[in-house]
Ligand SMILES: Nc1ncnc2c1ncn2[C@@H]1O[C@H](COP(=O)(O)OS(=O)(=O)O)[C@@H](OP(=O)(O)O)[C@H]1O
Ligand SMILES: Nc1ncnc2c1ncn2[C@@H]1O[C@H](COP(=O)(O)OP(=O)(O)O)[C@@H](O)[C@H]1O
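Residue numbers (this note's numbering): 170 to 444.
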């Protein structure tokens, strides 16, 4: 009989998600609350949202001729990008070097994360599900997404297997490629959270250092690590894709849990122990 452990779920007050998937019937239902967000005033409302939204743009466009002489930073530009620092005639832009990218500049927009969160009435965050192949990561991710969707919350799943079909199709399973896989997914997850979306990342992410680096990308409290603490023997007995069998037969090299390490989290916010 499996049981559910929760180390800390203090993130949520306003919405409780009862996790009780049919597939996970053996698990005791767990209240997962991640979304404590008090909605402030909404700026866009009413049935005719689209045309209301355009009114201020039209009004500002009418004043375009007078402000156009002003370094190309006219009223409509102001509305779309209040920050005109990048335009000629304005303050000297501050250039940076990040990794191999030189002479780059962060462009700030007046529509910020908080505005998007207000619009969506939720808090953008990352729920990071880690565990061995076959531990139930995808099942939990999907159940969580379905439960939140039913409650009007916008979610998006970044599943390791799926992302490897596109963005990360150039990566193998050797250690440095796994690290790059996790780094990229961490960065994408951060963008989703910045968009105000509840991003559910579901990937083995076997190395602690890589997961911790993803955590460090987000403000404190916005990264919720969920550990599927299911023993190798259980995952191997499930073996839904037959990969453990192939790994044991030596047909897959470097398979997590068999001949590649899995480093369990030391302090995950949520864990699902199997007993
Ligand atoms: N060598 C090796 N080790 C582990 N897993 C392997 C391997 N080769 C292929 N697979 C399949 O790839 C899925 C894991 O991809 P991830 O992107 O989540 O892995 S990782 O985070 O980069 O370690 C994983 O899917 P899940 O079972 O959903 O975890 C496996 O089906
Ligand atoms: N709580 C659970 N109890 C029993 N079986 C489960 C549970 N969660 C998932 N499974 C089954 O285990 C297998 C692996 O689940 P999956 O979600 O694909 O794991 P992962 O994404 O970690 O590889 C699937 O056959 C799934 O139906």
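Think of the CB as a built atom: it goes at the ideal place given N, C-alpha and C, for glycine as much as any other residue.
About 7 Å separates the CB atoms of residue 299 and residue 373; that is less than 8 Å, so the two are in contact. Taking a contact as a CB-CB distance under 8 Å, the pair residue 392 and residue 437 does not count as one, their CB atoms being some 10 Å apart. According to the DSSP assignment, residue 325 belongs to the beta strand (DSSP E) that extends over 324 to 328.
Residue environment for residue 292: buried (at least 16 other C-beta atoms within 10 angstroms of its C-beta). Sixteen is the threshold: since fewer than 16 other Cβ atoms of the shown chains lie within 10 Å of the Cβ of residue 320, the residue is exposed. Counting along the chain, the unbroken beta strand (DSSP E) around residue 367 starts and ends at 367 to 371. In the three-state scheme derived from DSSP, where H, G and I count as helix and E and B as strand, residue 283 is classed as helix. At a cut-off of 3 residues, the continuous stretches assigned as beta strand (DSSP E) that sit fully inside the segment 371 to 401 are 392 to 398. Within a 10 Å sphere around the beta-carbon of residue 416 sit 16 or more other beta-carbons, which makes this residue buried. Judged by the Cβ position, residue 397 qualifies as a neighbour of ligand 2 at the 7 Å threshold, a heavy atom of the ligand being closer than this. The three-state reading of DSSP puts residue 424 in coil, since its state is none of H, G, I, E or B.
Approximately 16 Å separates the beta-carbon atoms of residue 428 and residue 303; this is outside 8 Å, ruling out the contact.
Short note on residue 433: C-beta not closer than 7 Å to any heavy atom of ligand 2.
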